[in-house]
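Inspection log for the structure reproduced underneath, given as structure tokens.
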Amino acid sequence: MATKTKNTKNKARKILCILSDRLNRQKKPLNLELLCKPDGTILKETRLKRLPTEPCYEEVWQNDDGKSSLDTCTSMSRLYRHALEKPVKR
Numbered sequence: 002m003a004t005k006t007k008n009t010k011n012k013a014r015k016i017l018c019i020l021s022d023r024l025n026r027q028k029k030p031l032n033l034e035l036l037c038k039p040d041g042t043i044l045k046e047t048r049l050k051r052l053p054t055e056p057c058y059e060e061v062w063q064n065d066d067g068k069s070s071l072d073t074c075t076s077m078s079r080l081y082r083h084a085l086e087k088p089v090k091r
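Just so you know, the sequence shown maps onto residues 2 to 91 in the numbering used here.
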């Protein structure tokens, strides 16, 4: 019987994008969940009402320019070791 190998080529990644405003801290951050192909193509974009309690994202990115949508963002920064990022298996 042949064993199944993991095919990571077609696996979609879950990414959390946090859109916040560093100049106006009164404004609540907007949290987006992205479902992406390995090459970075966005398959699905979902706005989250609240953050999950368990770490379930492969990557966490943040924009603090006060933009209201992902389309208008010109720069994003990656947040390493975020509380919602899955731990790296070694």
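Where is the CB? At the ideal position from N, CA and C, for every residue including glycine.
Can you tell which of the options has the C-alpha that lies nearest to the C-alpha of residue i?
i, options, result
"Arg26", "Ile16, Thr42, Lys50, Asp65", "Asp65"
"Ser78", "Ser69, Glu86, Trp62", "Trp62"
"Ser21", "His83, Leu85, Leu71, Lys90", "Leu71"
"Lys28", "Cys74, Ile19, Thr42, Arg82", "Ile19"
With distances taken between CB atoms, is the gap from residue i to residue j smaller than 8 Å?
i, j, result
"Leu94", "Asn32", "With the chain covering 2 to 91 only, the question about residue 94 has no answer from this structure."
"Leu80", "Pro53", "no"
"Pro56", "Lys12", "no"
"Glu60", "Arg14", "yes"
Can you name the start and end residues of the beta strand (DSSP E) that residue i belongs to?
i, result
"Asn64", "60-64"
So if DSSP puts residue i in a beta bridge, which residue, or which two residues, is it bridged to?
i, result
"Arg48", "Leu33"
"Leu17", "Glu34, Val61"
"Glu55", "None; Glu55 has no bridge partner."
"Asp22", "Asp66"
For residue i and chain D, any beta-carbon pair shorter than 8 Å?
i, result
"Arg79", "In the displayed structure, chain D is absent; only one protein chain is listed."
Give the C-beta separation of residue i and residue j to the nearest angstrom, bearing in mind that I take them to be a contact with Cβ-Cβ under 8 Å.
i, j, result
"Lys87", "Tyr58", "7 Å"
"Gly67", "Leu24", "6 Å"
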